[in-house]
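To start, the structure itself, in structure tokens.
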Amino acid sequence: MSKIIKLFIFWRLGLLLVSYLGSLAFPLQANGGLGAPTFTKPFNYWLSWAQWDGGYYYNIAKRGYLFLSDYAFFPLYPFLIKFLNVIFSNLLLTGLLISNISFLLFLIIFYKFLKEKYSKNIAANSVITFLCFPTTFFAVAYYSEGLFLLLAALVFFFMHRRKILQAAIAIIFASLTRSMGAVLISSLVYNYFSLISFTIKNISKKILYLIPSTFGILLYLTYLFYKLNNPFGFISAQTLWLRNINDPVSTIIANIWIIFTNPNAPLDQYMDLLITLIFLSLLILGVKKISSSLWIFSMLVILIPASTGTLTSMPRYVLASLGAFVILGQLLEENPHLKLPLWATSLFLQAIFATRFISGYWVA
Numbered sequence: 001m002s003k004i005i006k007l008f009i010f011w012r013l014g015l016l017l018v019s020y021l022g023s024l025a026f027p028l029q030a031n032g033g034l035g036a037p038t039f040t041k042p043f044n045y046w047l048s049w050a051q052w053d054g055g056y057y058y059n060i061a062k063r064g065y066l067f068l069s070d071y072a073f074f075p076l077y078p079f080l081i082k083f084l085n086v087i088f089s090n091l092l093l094t095g096l097l098i099s100n101i102s103f104l105l106f107l108i109i110f111y112k113f114l115k116e117k118y119s120k121n122i123a124a125n126s127v128i129t130f131l132c133f134p135t136t137f138f139a140v141a142y143y144s145e146g147l148f149l150l151l152a153a154l155v156f157f158f159m160h161r162r163k164i165l166q167a168a169i170a171i172i173f174a175s176l177t178r179s180m181g182a183v184l185i186s187s188l189v190y191n192y193f194s195l196i197s198f199t200i201k202n203i204s205k206k207i208l209y210l211i212p213s214t215f216g217i218l219l220y221l222t223y224l225f226y227k228l229n230n231p232f233g234f235i236s237a238q239t240l241w242l243r244n245i246n247d248p249v250s251t252i253i254a255n256i257w258i259i260f261t262n263p264n265a266p267l268d269q270y271m272d273l274l275i276t277l278i279f280l281s282l283l284i285l286g287v288k289k290i291s292s293s294l295w296i297f298s299m300l301v302i303l304i305p306a307s308t309g310t311l312t313s314m315p316r317y318v319l320a321s322l323g324a325f326v327i328l329g330q331l332l333e334e335n336p337h338l339k340l341p342l343w344a345t346s347l348f349l350q351a352i353f354a355t356r357f358i359s360g361y362w363v364a
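Numbering of the sequence shown is given in this note's numbering, commencing with residue 1 and proceeding in unit increments.
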């Protein structure tokens with residue numbers, strides 16, 4: 001555990017240094033977000049960790065849900081910020097502490113889970129690959145990524161140890177953190193039935209432990225019904241970002257067509273498509289390398305966002321596709337000569353993306 005903590009501290013300090021120096025050299029974008037420069041205030045490096053979606057979480061923690069667009073952001077992260085702000089009296093500091101501590105705990109749990117299930121080397125490969133991934137900085141930004149990753153890792157850690165009730169409780173909080181938390185319910189159900197060899201006569205009272213896993217999403221749906229008279233208001237809110245229900249295949253094909261017919265398409269669109277195809281390929285080709293419950297979750301956290309007619313933000317969403325990182329960890333164990341070039345390239349891209357994000361540019 002001490003090695004994971006040291007690795008995290010080294011990575012985090014390096015990220016702070018690179019992104020800060022980069023913000024001094026990179027042209028700043030006045031996007032109207034927190035930390036962005038305006039005619040009345042200068043650029044604020046620390047507030048810039050709450051760019052884009054972070055601004056929504058900041059405002060929800062500050063004054064609650066007011067606008068339809070707010071309801072796309074699930075409540076646990078801003079609730080924790082507001083609750084713990086009683087101690088720190090600084091919304092920015094509180095949110096960043098939650099994200100950073102959550103991500104560190106995620107790395108520890110993820111490593112322990114993989115070490116028990118696979119091997120020490122595969123666990124190390126997967127964790128380092130995750131740290132080096134180009135968009136991992138979102139896990140320590142003013143986003144819910146760090147918290148969600150921790151809760152998702154706990155779910156699979158508990159399932160690995162056959163602790164169904166504890167996994168269900170973790171799912172309650174995960175589904176209050178992000179909509180993809182509800183996807184974990186399907187993984188838990190599959191895991192339970194796999195433990196009893198999918199035989200009806202082996203069903204025990206423990207099947208009742210599956211029920212609490214639905215409480216988190218049901219609680220938010222009830223809240224939305226009370227506030228908006230629409231339990232699926234978070235889906236309605238997605239239309240404000242031009243997200244509409246579609247099938248993932250059509251979305252991917254449409255993005256391929258746009259890129260091939262429009263050579264001047266934004267670089268972000270190329271990255272969105274490339275990351276999506278890489279992760280889908282990893283999961284399809286490596287289906288036998290991970291458990292079915294982990295594969296189901298890892299695939300759905302890609303396919304569901306891809307079912308909204310756009311691949312925007314996919315480089316960030318794939319962080320939750322934990323199975324893909326486990327597959328990468330195994331591939332690197334089989335091909336150790338790929339470690340250095342993969343990690344070096346990923347870290348280089350992470351430095352660029354983090355600097356762009358801090359400087360006010362859209363990344364994912």
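Note that beta-carbon positions come from the ideal geometry of N, C-alpha and C, so glycine has one too. Since the model is a prediction, treat every value here as computed from it, not as a measurement.
Below 8 Å, can you find three or more Cβ-Cβ pairs linking the region 308-323 to the region 151-165? yes
Considering only C-alpha positions, which residue in the set Thr136, Val183, Leu188 is nearest to Arg373? As displayed, the chain neither begins before 1 nor continues past 364, which places residue 373 out of reach and without an answer.
Coarse secondary structure for Arg178, derived from DSSP in three states: Position 178 of the sequence shown, counted from the first residue, corresponds to residue 178. Coil at Arg178, not helix or strand.
Could you check the C-alpha separation between Ser301 and Leu17 for me, to the nearest Å? Here residue 301 is taken as the residue at index 301 of the sequence shown, counted from 1. Here residue 17 is taken as the residue at index 17 of the sequence shown, counted from 1. The identity of residue 301 in the sequence shown is Val, whereas the question assumes Ser. About 32 Å.
Extract the residue ranges of the alpha helix (DSSP H) inside the region 117-161, only unbroken runs of 4 or more that lie entirely within it. 120-132, 145-160
Short of 6 Å in beta carbon distance, which residues of its chain neighbour Ser313, apart from the five on each side in sequence? Order them along the chain. Along the sequence shown, one-based indexing puts residue 313 at 313. The residues are Ala364.
Once you ignore the five residues that flank Leu209 on each side, which residues in its own chain have a CB closer than 6 Å to its CB? Counted from its first residue, the sequence shown places residue 209 at position 209. Going by the sequence as given, residue 209 is Tyr instead of Leu. Taken in chain order, the residues that qualify are Ile164, Leu165, Ala168.
In chain order, what residues of the same chain have a beta carbon less than 7 Å from the beta carbon of Leu91, not counting five sequence neighbours either side? Position 91 of the sequence shown, counted from the start, is the residue given in the question as residue 91. Answer for Leu91: Tyr58, Ala61, Lys62, Ile81, Asn85, listed in chain order.
Give a yes or no on whether the C-beta atoms belonging to Thr177 and Ser126 are separated by under 9 Å. As a first step, residue 177 is located in the sequence shown; it is residue number 177 there, counting from the start. As a first step, residue 126 is located in the sequence shown; it is residue number 126 there, counting from the start. Taking 9 Å as the Cβ cut-off, Thr177 and Ser126 do not qualify as a contacting pair.
Residue span of the alpha helix (DSSP H) that contains Met299, given as start and end: In the sequence shown, the residue the question calls residue 299 occupies position 299. Run containing Met299: 292-303, per the alpha helix (DSSP H) assignment.
How long is the line joining the alpha carbons of Tyr142 and Tyr77, rounded to whole angstroms? As a working mapping, residue 142 is identified with position 142 in the sequence shown. As a working mapping, residue 77 is identified with position 77 in the sequence shown. Approximately 10 Å between the Cα atoms of the pair.
Spatial neighbours of Tyr111 within its chain, please: C-beta separation below 7 Å, excluding the five flanking residues on both sides. Your numbering for residue 111 matches position 111 in the sequence shown. The answer, listed in chain order, is Ile4, Ala123, Val127.
Short check: CB of Gln350 to CB of Thr135, under 9 Å? Walking along the sequence shown from the start, residue 350 turns up at place 350. Walking along the sequence shown from the start, residue 135 turns up at place 135. Against a cut-off of 9 Å, the Cβ pair of Thr135 and Gln350 comes out as a contact.
Whole-angstrom distance between Thr40 and Val374, CA atom to CA atom: A question about residue 374 goes unanswered here, because the residues of the chain that appear run from 1 up to 364.
Alpha carbon of Leu218 to alpha carbon of Tyr45, nearest angstrom: The residue you call residue 218 lines up with position 218 of the sequence shown. The residue you call residue 45 lines up with position 45 of the sequence shown. Answer to the nearest angstrom: the Cα atoms are 38 Å apart.
If I follow the unbroken alpha helix (DSSP H) through Gly323, where does it start and stop? Numbered from 1 along the sequence shown, position 323 holds the residue referred to as residue 323. Gly323 -> alpha helix (DSSP H) spans 322-334.
Drop a sphere of 10 angstroms on the beta-carbon of Tyr192, count the other beta-carbons inside from all chains shown, and report buried for 16 or more, exposed for fewer. Translated into positions along the sequence shown, residue 192 becomes position 192. Classification of Tyr192: buried, given that the 10 Å Cβ count is 16 or more.
C-alpha distance - Gly35 paired with Ile98, whole-angstrom precision: On the sequence shown, residue 35 is found 35 positions in, with the first residue counted as 1. On the sequence shown, residue 98 is found 98 positions in, with the first residue counted as 1. Straight-line Cα distance between these residues: approximately 19 Å.
Would you mind sorting Gly95 into buried or exposed? The rule is 16 or more other CB atoms within 10 Å of its CB. Residue 95 sits at position 95 when you count from the first residue of the sequence shown. Buried: at least 16 other Cβ atoms inside 10 Å.
Rounded straight-line distance, which links the Cα of Ile172 to that of Phe215: In the sequence shown, counting from the first residue as 1, residue 215 sits at position 215. In the sequence shown, counting from the first residue as 1, residue 172 sits at position 172. For Phe215 and Ile172, the distance between alpha carbons rounds to 6 Å.
Assuming the contact rule is C-beta atoms closer than 8 Å, Ala139 and Phe103 should be a hit. Round their C-beta distance to whole Å, please. Counting from 1 along the sequence shown, the entry for residue 139 is found at position 139. Counting from 1 along the sequence shown, the entry for residue 103 is found at position 103. Confirmed, Cβ separation roughly 4 Å.
Which listed residue (Met159, Ile290, Phe106) has its alpha carbon closest to that of Phe148: Counted from its first residue, the sequence shown places residue 148 at position 148. Closest by alpha carbon: Phe106.
Should Thr199 go down as buried or exposed, given a rule of 16 or more other Cβ atoms within 10 Å for buried? Residue 199 sits at position 199 when you count from the first residue of the sequence shown. Its Cβ having fewer than 16 others within 10 Å, Thr199 is exposed.
Are the region 248-258 and the region 267-274 in contact at 8 Å, needing three or more beta carbon pairs? yes
Using the beta-carbon count (16 or more within 10 Å), is Met180 buried or exposed? Along the sequence shown, read from residue 1 onward, the residue named residue 180 stands at position 180. With 16 or more Cβ atoms within 10 Å of its Cβ, Met180 is classed as buried.
Is DSSP giving Val363 helix, strand or coil here? Here residue 363 is taken as the residue at index 363 of the sequence shown, counted from 1. Coil, per DSSP.
Do Ala344 and Gly22 come within 9 Å of each other at the CB atom, strictly closer than that value? As a first step, residue 22 must be located in the sequence shown, where it is residue number 22. As a first step, residue 344 must be located in the sequence shown, where it is residue number 344. Not a contact, by the Cβ cut-off of 9 Å.
Restricting to runs no shorter than 4 residues, where is the alpha helix (DSSP H) found entirely within the region 67-101? 76-88
CB contact flag (Ile245, Ser175, <9 Å): Position 245 of the sequence shown, counting from 1, holds the residue named residue 245. Position 175 of the sequence shown, counting from 1, holds the residue named residue 175. No, these two residues do not count as a Cβ contact at 9 Å.
Taking the alpha carbon of Trp295 as the reference point, which residue from Pro305, Thr310, His337, Phe279 has its own alpha carbon closest? If you number the sequence shown from 1, residue 295 lands on position 295. Of the candidates Pro305, Thr310, His337, Phe279, the one whose C-alpha sits nearest the C-alpha of Trp295 is Phe279.
Please give me, in chain order, every unbroken run of the beta strand (DSSP E) with length at least 3 that falls completely inside the region 14-69. none
Met392: first and last residue of the uninterrupted alpha helix (DSSP H) it sits in: A query on residue 392 cannot be resolved here, the shown segment of the chain reaching from 1 to 364 and no further.
Alpha carbon to alpha carbon, what distance is there between Asn31 and Lys289? Looking up residue 289 in the sequence shown gives position 289. Looking up residue 31 in the sequence shown gives position 31. Between Lys289 and Asn31, the C-alpha separation is close to 43 Å.
If you drop the 5 nearest sequence neighbours on each side, which residues of the same chain put their C-beta closer than 6 Å to that of Ser213? Locating residue 213 in the sequence shown gives position 213, counting from the first residue. Cβ neighbours of Ser213 beyond the five flanking positions: Ala168, Ile171, Ile185, Leu188.
Kindly indicate the opening and closing residues of the alpha helix (DSSP H) around Gly309. On the sequence shown, position 309 is the one that residue 309 refers to. That residue, Gly309, is in no alpha helix (DSSP H); it is neither H nor E in DSSP.
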